[in-house]
Amino acid sequence: MTKLLDFESVDKGSPLEGLSIPALTRVTLARFAGASDDYNPMHLDDKVAAAAGKSSVFAPSHLIMAYVGRMVETCFGGTSIRRYGLRMLKLVWPGDVLTCRGVVIDKRKEGGECVVDADVWADNQRGETVAKGRILAVIPKAPGKPLAKSESSTGVVYPPPKVVAKPKGKGGK
Amino acid sequence: MALPSKFKQMIGKATRPRSLEIEKGQIRRFATAISEDSPVHHDEKAARAAGFTSLVATPTFPAALIATDSLLTEIGLDPQTTMHAEEEYEYFRPVCAGDVLTVTHRVADVYDKQAPNGRLIFVVIETRGNDKRGRPVFKGRRVLVELKN
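Have a look at this one:
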């Protein structure tokens, strides 16, 4: 299970728990188009993609960002997420298998808050990084200590991993 | 080479503010589409128990608030020749079902860069999502690349 981050325990170089995404399917692309209300045919219609010189449809960057966002939400549960950004480096095609990863690159006190920066990225099955970005969060001072009210009133605080954990065999949609 | 006037004129251009009511179904659908099964996006009781007013959105849900292709068309870009290079969010508070957000996009900057196979034009769009009282909920910044110019 993912451990709750705290300022005492975390250090530069601490890896975030990665997240594997199953091979991308056209059904996922269609579902995401519906969910994000974005029907750009480059992601849905092979003929349109081919006319633009692509070998097939490819994933919208918002989907990649959402996958890395899933890892961020889990790894930074119980912290106050303030910033999250991603830069796209390579296109992602149907059949590609992504792994989202991250590593803490800095921790510091800023205006009385315990701030961490982490690099986050997604690699494909060929080991190529398809997107890379940064997350900034305010984390608890010490293990077992919750965020102060002033720290959690700005940003987004998803439940810590423990609260999210579901009883075995009852997970799913 | 100077920036084509079509692009120069885009700087400062803004979409009309849209008032959007965040729906539970929207939050669930977005989470389901990315296989995110944390109960705070699906089960209202779980979301309330975690301190949210209702179902809470996943971190990149703001991307779904306005269809990218209609946004591009409104600004004057062709969705089929525009690629997404970068996107960043700044979060002030969570987006929850029942929230009414006013969302506005503005072209903050346009610049060009010489690439090995031609010139690329970058368009920076800033998005603001504010609550009913005008307080910021999120800010977004996306960098688009126009390939055909």
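Residue numbers (the numbering used here), protein chains in the order written: chain A, 190 to 362; chain B, 12 to 160. Think of the CB as a built atom: it goes at the ideal place given N, C-alpha and C, for glycine as much as any other residue.
Taking a 10 Å sphere around the C-beta of residue 199(A), we find 16 or more other C-beta atoms and assign the residue as buried.
With a cut-off of 8 Å on Cβ pairs, the segment 27-44 of chain B is not in contact with the segment 306-323 of chain A, counting fewer than three such pairs. Assigned with DSSP and collapsed to three states, residue 269(A) falls in strand. Chain-order list of chain B residues neighbouring residue 272(A): 99, 100, 101 and 102, by C-beta distance under 9 Å. Close CB contacts of residue 111(B) within its chain, under the 8 Å cut and outside five residues either way in sequence, are with 30, 31, 32, 33, 142 and 143 (chain order). With respect to residue 108(B), residue 277(A) sits apart: the two C-beta atoms are not nearer than 9 Å.
One Cα belongs to residue 210(A), the other to residue 45(B), and the distance between them is close to 9 Å. Nearest to residue 148(B) by C-alpha distance, out of 40(B), 104(B) and 114(B), is 104(B). Shortest Cα-Cα distance from residue 152(B) to any of 145(B), 72(B) and 136(B) involves 136(B). Scanning chain A for C-beta atoms nearer than 7 Å to the C-beta of residue 119(B) yields nothing, as the closest lies near 15 Å away.
Residue 76(B) sits away from residue 39(B), with the two beta carbons spaced by 9 Å or more. Taken in chain order, the complete alpha helix (DSSP H) segments of 4 or more residues contained in the segment 205-246 of chain A are 215-225 and 235-240.
Checking the DSSP bridge columns, you'll see residue 141(B) partnered with 113(B) and 147(B).
DSSP places residue 69(B) in the coil class of the three-state scheme, outside both helix and strand. Nearest C-alpha to residue 327(A) among 273(A), 226(A) and 252(A): 273(A). A direct Cα-Cα distance of roughly 20 Å separates residue 70(B) from residue 82(B). For the beta strand (DSSP E) assignment, the uninterrupted runs of no fewer than 3 residues enclosed by the segment 265-327 of chain A are, from N- to C-terminal side, 269-277, 287-299, 302-312 and 318-327. For residue 47(B), the secondary structure class from DSSP, reduced to helix, strand or coil, is coil. Cβ contact annotation for residue 239(A) (same chain, cutoff 8 Å, sequence separation greater than five): 245, in chain order. A straight-line Cα-Cα distance of about 15 Å links residue 133(B) and residue 99(B).
Take the alpha-carbon of residue 249(A) and the one of residue 113(B): they are about 25 Å apart. In this structure, residue 154(B) lies away from residue 23(B), with their beta-carbon atoms at least 9 Å apart. Nearest CB-CB separation between residue 116(B) and chain A: not below the 9 Å threshold.
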